[in-house]
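Accompanying notes for the structure given below.
Chains as they are written, first to last, in the numbering used here: chain V, 4 to 632; chain U, 5 to 234.
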């Protein structure tokens, strides 16, 4: 083998394999490493161009994070120190015990390499993992040159291009992650130890359970509990309304009241009487206009999780796992993105063309190429790192399992829908004045389905056609009646709704939201219950007694304090997230963020300790006595 | 030259249609300083008007037959009648009948917790730190949508229910205090309910502090009460 020796390190073995395949063109030797059966070294030759030229490459990977931040061992026992000390205790970063073999492999490869190219995923975590790898390499080879490959899918041409246009690691993003890791460790450990030590002895059902606290977990649980309480405490109320029906040309036209309904029966009766006194209704507006239903925006991670769990009957975590594997195998682009606008440079028609072989939507794709193609709408988000999620190439369905098929199909249909025209229709709005009241009827005719033909998840149907009305004409309605009804409780929270709430309130990133949801499930803070059956079944998130006691207990602990601090509401976490973005932008230092956040949480910790009695009372009430909420 | 009292009485009647009671006016004049007495009539009228809007009309207005509600006003047998003249009234109660009592209670409790909702986002409304001192409290920003049902009272103490038939600016919970004053001009009364429209109602504003406080303190409980009744 000739040329400069280069070490490449990816975030996962599958990416290392895929990249190695592309760069080597298939001429690659696979070598096992000592002590880890998943990580392999791929050895091949490649010309990186420019200053590097022909190189002899070893491509390997880590498996996620390489190191772990820990307290020194004297703090290991939960009773070894008062939990509050963990806010200041020293911490050290060291290679995670079960990752030592991987770290050793990197060191031994780095020793005689000229350069290290980082191929971790291009997001915050990826930048941080990149620095972890760099630190290992520098330990044995201080002069090793470090570069970063910038890529967002594992399609061949894209990878080759990334290999020849290397950039630098983003230290700022890595710093933001380092700050978050320290905060999570200190705050999580302090609160978790405090809660577990104090509350676990209160009831036998808590034996052996860790009552963990996490700054994302808790607001996530807070949303679930909040909705649960709203459902449980809900009181139905009666309402009344007026409905008007008019038969013309044998068509029964139902006019809807512009007030919808009111919560005062006497007022509604009086209003109806005044309609009847007027005898005739007068047509005040007839609006016929073309209308359209907009094609969807390009796909983001949050949207994939929300729409996916709504239409594919899979939970967000599973969807992400499947999307991850579709990405690693090179079928779709990187599935963690906030971007909902396609870059002008991307050749969308070429991507559409790749879908031509498909049995189900190939013909539709052909239609797009034959003139139906439209430039996708652009949303307002761009994370400047990744394009919207889109299919990279076509996959024969027999290569995918059932879940993969569903997710891949969704990504493709969504992409083709983005590149299609809006659905077009004609709507007619008729407004009438009857007594003092206003009513309206609406008719819709769908003329061109366009994107709806491929995006089977959206529904837009023609309604009954309206007879013709003229502005200014008067008629006597056939019927005018009072109807009544009752308000109904909101439904329990579903996962797509929860993801929507987390997104709107800045809890977690698109990459970690589903992890937080999974976490509160495994902690037995919430459970998943099915409502309805068969295809219409909806999975609802219901807090356990433990989850309820924790949230209500904390609310009690902080009740009445100035500035209403809260661990169950999203404000604090949102603040941290904003500050992390400032660290990424370079307008705030890592130390500043860590110190300020720790000060805030330390104060809350002291309050919690002082008012632990209220927390215990909540546990007594909701767990021991199983009281109603 | 007419005396000060007559001048003020005439001014308030002509410009605001408010028939002020001589006793109240005497009282008012006795509370202001000699220096203020010598200010021009329009300025003094403004001061009197301000006090008047924050007074209880039962004490501050005379009850002439043309400026009060007919006694049998609430008779539900009368399908429709129109009241002539201009009648000053004060608001004793205001309710949003377009929104369920329960969701109003939820909104009140959110404000109590220092939160507001903006779409799906929960927003914190309490002031943290000094930099956002000028943020307005949420209660004003979230005025009720209506339509509203109000209880009105004239100078003689007669009460009547009013329904906001068309949106009236300034008439909303959060915007209008209890004891606020309205002028009714040629309103229609149907089945004992006054139909309030922008054409027939002038909002003068003001409040009666004690009434407003009591109303606020009891609002959540009244909403709860309303729910158990239906």
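C-beta: ideal position from N, C-alpha, C; glycine also.
Residues near residue i in its chain [Cβ-Cβ closer than 7 angstroms; skip 5 each side]
{"i": "residue 165 of chain V", "result": "152, 153, 154"}
{"i": "residue 481 of chain V", "result": "248, 249, 250"}
{"i": "residue 241 of chain V", "result": "487, 489"}
{"i": "residue 70 of chain U", "result": "89"}
Sequence-distant residues of the same chain with beta carbon closer than 6 angstroms to residue i, five excluded per side
{"i": "residue 145 of chain U", "result": "Any answer about residue 145 of chain U is weak, because its pLDDT of 46 lies below 50 and its placement is not dependable; what the coordinates show is given next. Taken in chain order, the list of residues that qualify is empty."}
{"i": "residue 246 of chain V", "result": "484, 486"}
{"i": "residue 579 of chain V", "result": "600"}
{"i": "residue 453 of chain V", "result": "423, 424, 426"}
{"i": "residue 441 of chain V", "result": "261"}
{"i": "residue 283 of chain V", "result": "477, 479"}
{"i": "residue 466 of chain V", "result": "446, 447"}
{"i": "residue 43 of chain V", "result": "33"}
{"i": "residue 227 of chain V", "result": "496, 529, 544, 546"}
Expected contact under 8 angstroms - CB spacing of residue i and residue j to nearest Å
{"i": "residue 108 of chain V", "j": "residue 63 of chain V", "result": "6 angstroms"}
{"i": "residue 18 of chain V", "j": "residue 331 of chain V", "result": "6 angstroms"}
{"i": "residue 177 of chain V", "j": "residue 133 of chain V", "result": "7 angstroms"}
{"i": "residue 170 of chain U", "j": "residue 201 of chain U", "result": "5 angstroms"}
{"i": "residue 457 of chain V", "j": "residue 367 of chain V", "result": "5 angstroms"}
{"i": "residue 416 of chain V", "j": "residue 459 of chain V", "result": "7 angstroms"}
{"i": "residue 511 of chain V", "j": "residue 84 of chain V", "result": "No, residue 511 of chain V and residue 84 of chain V are not in contact; Cβ-Cβ is about 30 angstroms, not under 8 angstroms."}
Buried versus exposed call for residue i [16 or more other C-beta atoms within 10 Å across all chains shown]
{"i": "residue 280 of chain V", "result": "exposed"}
{"i": "residue 378 of chain V", "result": "exposed"}
{"i": "residue 200 of chain V", "result": "exposed"}
{"i": "residue 473 of chain V", "result": "exposed"}
{"i": "residue 607 of chain V", "result": "buried"}
{"i": "residue 133 of chain U", "result": "Summary for residue 133 of chain U: the model assigns pLDDT 37, below 50, so the residue's position carries little reliability, and this model does not support an answer."}
{"i": "residue 318 of chain U", "result": "Nothing can be reported for residue 318 of chain U: it is not among the residues displayed for chain U, which extend from 5 to 234."}
{"i": "residue 45 of chain U", "result": "exposed"}
{"i": "residue 168 of chain V", "result": "exposed"}
{"i": "residue 602 of chain V", "result": "exposed"}
{"i": "residue 358 of chain V", "result": "buried"}
{"i": "residue 508 of chain V", "result": "buried"}
{"i": "residue 229 of chain U", "result": "exposed"}
{"i": "residue 135 of chain U", "result": "In this prediction, residue 135 of chain U scores a pLDDT of 36, lower than 50, which makes its location untrustworthy; no coordinate-derived value is stated."}
{"i": "residue 211 of chain U", "result": "buried"}
{"i": "residue 536 of chain V", "result": "exposed"}
Contacting residues, own chain, Cβ-Cβ under 8 angstroms from residue i (five flanking each side not counted)
{"i": "residue 3 of chain V", "result": "Chain V is shown only over 4 to 632; residue 3 of chain V falls outside these bounds and no answer can be derived."}
{"i": "residue 62 of chain U", "result": "157, 159, 160, 161"}
{"i": "residue 349 of chain V", "result": "390"}
{"i": "residue 149 of chain U", "result": "100, 102, 103, 176"}
{"i": "residue 192 of chain V", "result": "74, 86, 89"}
{"i": "residue 414 of chain V", "result": "302, 307, 326, 329, 335, 392, 393, 394"}
{"i": "residue 493 of chain V", "result": "230, 233, 234, 237"}
{"i": "residue 24 of chain U", "result": "12, 13, 16, 17, 52, 56, 64, 65, 66"}
{"i": "residue 628 of chain V", "result": "none"}
CB contact flag (residue i, residue j, <9 angstroms)
{"i": "residue 186 of chain U", "j": "residue 92 of chain U", "result": "yes"}
{"i": "residue 550 of chain V", "j": "residue 523 of chain V", "result": "yes"}
{"i": "residue 10 of chain V", "j": "residue 112 of chain V", "result": "yes"}
{"i": "residue 190 of chain V", "j": "residue 216 of chain V", "result": "yes"}
{"i": "residue 128 of chain V", "j": "residue 180 of chain V", "result": "yes"}
{"i": "residue 253 of chain V", "j": "residue 300 of chain V", "result": "no"}
{"i": "residue 409 of chain V", "j": "residue 317 of chain V", "result": "yes"}
{"i": "residue 392 of chain V", "j": "residue 517 of chain V", "result": "no"}
{"i": "residue 564 of chain V", "j": "residue 604 of chain V", "result": "no"}
{"i": "residue 560 of chain V", "j": "residue 615 of chain V", "result": "yes"}
{"i": "residue 60 of chain V", "j": "residue 47 of chain V", "result": "yes"}
{"i": "residue 432 of chain V", "j": "residue 539 of chain V", "result": "no"}
{"i": "residue 286 of chain V", "j": "residue 438 of chain V", "result": "no"}
{"i": "residue 223 of chain U", "j": "residue 112 of chain U", "result": "yes"}
Identify each residue in the stretch 142-170 of chain U for which the Cβ-Cβ distance to at least one residue of chain V is less than 9 angstroms, and report them in chain order.
-> 151, 153, 165, 167, 169, 170
Chain V contacts from the stretch 182-196 of chain U (Cβ-Cβ distance under 7 angstroms) | 194, 195
Residues from the stretch 506-521 of chain V in contact with chain U, defined by Cβ distance under 7 angstroms | 507, 508
Going along the stretch 435-446 of chain V in order, which residues come within less than 8 angstroms of chain U, judged by CB to CB distance?
-> 439
Identify each residue in the stretch 103-116 of chain U for which the Cβ-Cβ distance to at least one residue of chain V is less than 9 angstroms, and report them in chain order.
-> Here the close residues are 103, 104, 105, 106, 107, 109, 110.
Taking only beta carbons into account, state which residues of the stretch 553-569 of chain V come closer than 7 angstroms to chain U, listed in chain order.
-> 566, 567
Going along the chain, which residues of the stretch 215-233 of chain U sit with their C-beta nearer than 9 angstroms to a C-beta in chain V?
-> 228, 230, 231, 232
In the stretch 273-288 of chain V, which residues sit with their C-beta less than 9 angstroms from some C-beta in chain U, listed in chain order?
-> 273, 274, 276, 277, 280
Residues from the stretch 52-82 of chain U in contact with chain V, defined by Cβ distance under 7 angstroms = none
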